[in-house]
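As structure tokens, the structure follows; a few thoughts come after it.
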Amino acid sequence: MKNRQKVYYDVLDGRDELTRLYDRDEERFRGSYFSDKLHGNQHQLAAQLVFSAHALEKSLSNDGFEVGHGFSVAKALVGYLDSYKKHDYDISHPAYTNTLSVLSALYKVHENTPYKQDLELIFGEWKSEIRGCESDIGGADTIFSKDKEDNKNKNFRDLSGGRYAVRTYSKKKVRKSDIEDVVGIAMKTPTVCNRQSIRVRVMYDQGVIARVLGVQGGIAYYDTPPVLLLITADDNGYVDINERNQGYIDGGLFAMSVLYALEYKGLAACPLHAMFETGRDLTVRGMLDIPENEKLITFISVGHFKKESHVPKSFRYAPSDIIMYTDKIHDFRIETVTPGVENVNVGFVSKIRSKLKIRTRITWRLRNLKRVVRVRTRYRDFKKYIGAKYLNKYRYGKIDGAILTLTGYFNYGNMLQRYALQKFLSKNHYKFISYEHDLPKPNDPRDPRFVNTADFVDKYIFRKTYNRYDNYSTYIVGSDQVWRNFAYEDDLRDLGFFFFNFLEDDNRSIKRISYAASFGQNKLDDAGIGERFISYAKRLLVKFNSISVRESSARGIMRQTWGVDAEQVVDPTLLLGAEEYSDLINRYPGVLSKPKKGSAYILISNDAKKHIIAKIEDFLGGDIDILNLETEKVLPPVEQWLKSFRDSKIIVTDSFHGMLFSVINNTDFIITESGPGGMARIEDFLGQLGLVDRLIRDVDADSFDPQLLGSIDWQDVNERLGIMRQQSADWLLGALKK
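Converting from the sequence shown to this note's numbering requires adding 126 to each position, the first position being numbered 1.
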């Protein structure tokens, strides 16, 4: 059978060559990296298995490892194994074997402890295979300093084979002459046409290192290393657009030479990534005064070996797993496509292009370019936010369902959870509208206080007024405190709305889902729900296809009151990453002010909160920005609110969503006792991430001392949050596919 000729399309649409190259880079990466464990190919799932198993290896190799730890990663790995097995992928693959081996090592550590049964419950049907795994390629190992004494006389195979990433070091001082010698050895590393555009920053000051690694986040639970290197590549040394990524190549080669040179000198080291989202990238640049022309390549921590060092085994693939012999030239052709329509706004089209594959994009352009021009013209002719409504209608040609949640223009957290759920669904190819209604109370978008926030809602949240005659196939209720009785005049009618009392009783073809629904309180009595509504809700809940709640207390309420086993998931705002909120900030058409060192977001003020804020101001040596919803005459733009949480050094808030956005941006924070929102959701979230010490109760305001605040282990927080986010996303997408 004759092989089909492969076709590559080169679209000449007015973009300069550098833009075209970066667009193609982005398109290739977006279509390749692993973002959905339910649909990953074997290579993608294997990569995720290796990534998560290595995280567990690092935990097992930590000198301070305690039994009972590592269970959340183990649970995630079991989920990935389930997906791997479901797709019938190759079980002889080294990544699969390594995962079983690492989980087996975790089991052996817990075999004679009270945690054994808990771990076996996590393993589930994998228990026998994990316990019976005979491979020992995964887990932790021990290396000895005496084996490094002769490194200078070893051949390269033995030297490289004995190199491990070591994260703990002896207290022996590292001489600057040794670091200079290491860099001198590495200078023989090849760079493109001998440009030698590498830069190496060397840090010895322990305070500087601790602060930098606090942002980097990759070596938590370890002592501050004696020396920290940062390798960068200077783009001023490159002369052609084809060298746009050359700095990463030159820098990567140089970093590997440094690691081998350190091993040769008998010094322990560990490479630490510097591939950051925007917030951390800018923070590191600001802290270390790194100019925009330098690419961050990697950090390397350095120190002398301890007598014994525990390290991850870090299995390696065999050469046969990666070598591909090429013995022929394949058949292909390149087709150049030049759109024949003038005056197309390239910026607008490029935004749409990024959502489509190359072939689809070309077909779409040639057939529908006139329609794009009309939409773009309408967008240009209307004011910036009014035009967005047309784009929403254009994007949402077919509606998959409706979202019921609390509405309004007053609460930033509410607006952003509405945006986030719709955005997450859209990213996963589900087009949901958000219902407008007057519950729990009417909100007038014409109110002068809401001029900025109403603009955000108009621009980014696709909505329609609730209509009982709508006939969508799927309805989602959530998130926010949708299942709390806000003193409704008629709780059966109004609170019942959020239990889908308007849907036909006998129409079981309609899918009913709750996502992260909340009662706002730990008890139904405190949430304003009595026996009459409990009985009424029972007949509505049995019609739900899938039920999830936001707090663990809500799970208990569902089980004890209605016998419903609900899933606990994260707030919708956590389904998106910090970079997606930064994108909103960057797209704001006006000027946003730079926040001071600290910011406060207060829903309801009191003397205790004022006292805490004053102490923070004294600690920082200056005033902080304060946004008080009770007194603010015109609410700032949502993008300004987001910028404050991203760019402040510390946040003080009594808001649940203020706490969430501090965590999303890895911004240090204090949360005080909440006013109207209740404490259940706050305490639950802090407990899940190990951050209970960030809650300052009113009675503790006088004794509160900012100087005693410990630093937050953002690596641990991000790992926990990443697992919670993935599990929640999987649950929601699974519920939609049922």
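C-beta atoms are modelled at their ideal positions from N, C-alpha and C, and glycine is treated no differently.
Simplified DSSP assignment, three categories, for residue i
i: Cys396; result: strand
i: Met329; result: strand
i: Gly429; result: strand
i: Tyr505; result: Residue placement at Tyr505 is poorly supported in this model, since its pLDDT is 37, which falls under 50; the coordinates are not used for a value here.
i: Gly317; result: For clarity, residue 317 is Thr in the given sequence; the question names Gly instead. Coil at Thr317, not helix or strand.
i: Phe771; result: helix
i: Tyr222; result: helix
i: Glu255; result: helix
i: Glu756; result: coil
i: Arg807; result: helix
i: Arg851; result: helix
i: Leu629; result: coil
i: His78; result: This structure cannot settle anything about residue 78, because the visible part of the chain is limited to 127 through 864.
i: Phe623; result: helix
i: Glu246; result: helix
i: Ser725; result: strand
i: Ala642; result: strand
i: Phe782; result: helix
i: Arg154; result: helix
i: Ala653; result: coil
Environment of residue i [buried if 16+ CB atoms lie within 10 Å]
i: Thr268; result: exposed
i: Gly377; result: buried
i: Gly264; result: buried
i: Ser254; result: exposed
i: His399; result: exposed
i: Glu143; result: exposed
i: Thr699; result: buried
i: Ala387; result: buried
i: His430; result: buried
i: Val137; result: buried
i: Glu275; result: exposed
i: Phe458; result: exposed
i: Val365; result: exposed
i: Ser644; result: buried
i: Arg497; result: Reliability of the predicted coordinates at Arg497 is poor, the pLDDT of 38 falling under 50, and no value is obtained from them.
i: Asp581; result: buried
i: Ser829; result: exposed
i: Asp447; result: exposed
i: Pro417; result: exposed
i: Gly196; result: buried
i: Lys567; result: exposed
i: Phe177; result: exposed
i: Leu245; result: buried
i: Ser837; result: exposed
i: Phe508; result: Residue confidence is low: Phe508 scores 38 on pLDDT, short of 50, so the model does not pin down where it sits. Its coordinate-derived value is still stated next. Phe508 comes out exposed.
i: Glu270; result: According to the sequence as given, residue 270 is Phe; it is not Glu. Exposed, by the Cβ-count rule.
Supposed contact pair residue j and residue i - C-beta distance, whole angstroms, cut 8 Å
i: Trp857; j: Glu693; result: 5 Å
i: Ile822; j: Thr779; result: Contact flag wrong, Cβ pair sits at about 11 Å.
i: Ala172; j: His236; result: At roughly 26 Å, the Cβ-Cβ gap does not stay under 8 Å, so Ala172 and His236 are not in contact.
i: Phe771; j: Thr793; result: 6 Å
i: Ala806; j: Gln686; result: About 15 Å; that fails the 8 Å criterion.
i: Leu815; j: Val843; result: 5 Å
i: Leu414; j: Leu354; result: In fact, because the Cβ distance is near 10 Å, the residues do not count as touching under 8 Å.
i: Gln170; j: Phe160; result: 4 Å
C-beta atoms of residue i and residue j nearer than 9 Å
i: Asn537; j: His783; result: yes
i: Arg594; j: Ile559; result: no
i: Glu799; j: Ala734; result: yes
i: Met850; j: Val696; result: yes
i: Ser708; j: Gly405; result: yes
i: Ser640; j: Gly604; result: yes
i: Ala642; j: Val675; result: yes
i: Tyr348; j: Thr424; result: no
i: Leu182; j: Leu203; result: yes
i: Lys769; j: Gly724; result: no
i: Leu701; j: Ser854; result: yes
i: Tyr330; j: Lys302; result: yes
i: Gln766; j: Ser731; result: no
i: His456; j: Lys201; result: no
| task | Return the chain-ordered ranges of every alpha helix (DSSP H) run that is complete within the segment 552–612 and spans a minimum of 4 residues. | result | Runs found: 577–586.
| Runs of alpha helix (DSSP H) wholly within the segment 663–722 (minimum 4 residues, chain order) | Runs of the alpha helix (DSSP H) inside the segment 663–722: 678–688, 704–713.
| query | What are the uninterrupted segments assigned as beta strand (DSSP E) that are 3 or more residues long and contained completely in the segment 366–423, given in chain order? | reply | Correct list: 393–399.
| field | Complete runs of the alpha helix (DSSP H) confined to the segment 286–316 [at least 4 residues] | value | Listed in chain order, they are 302–312.
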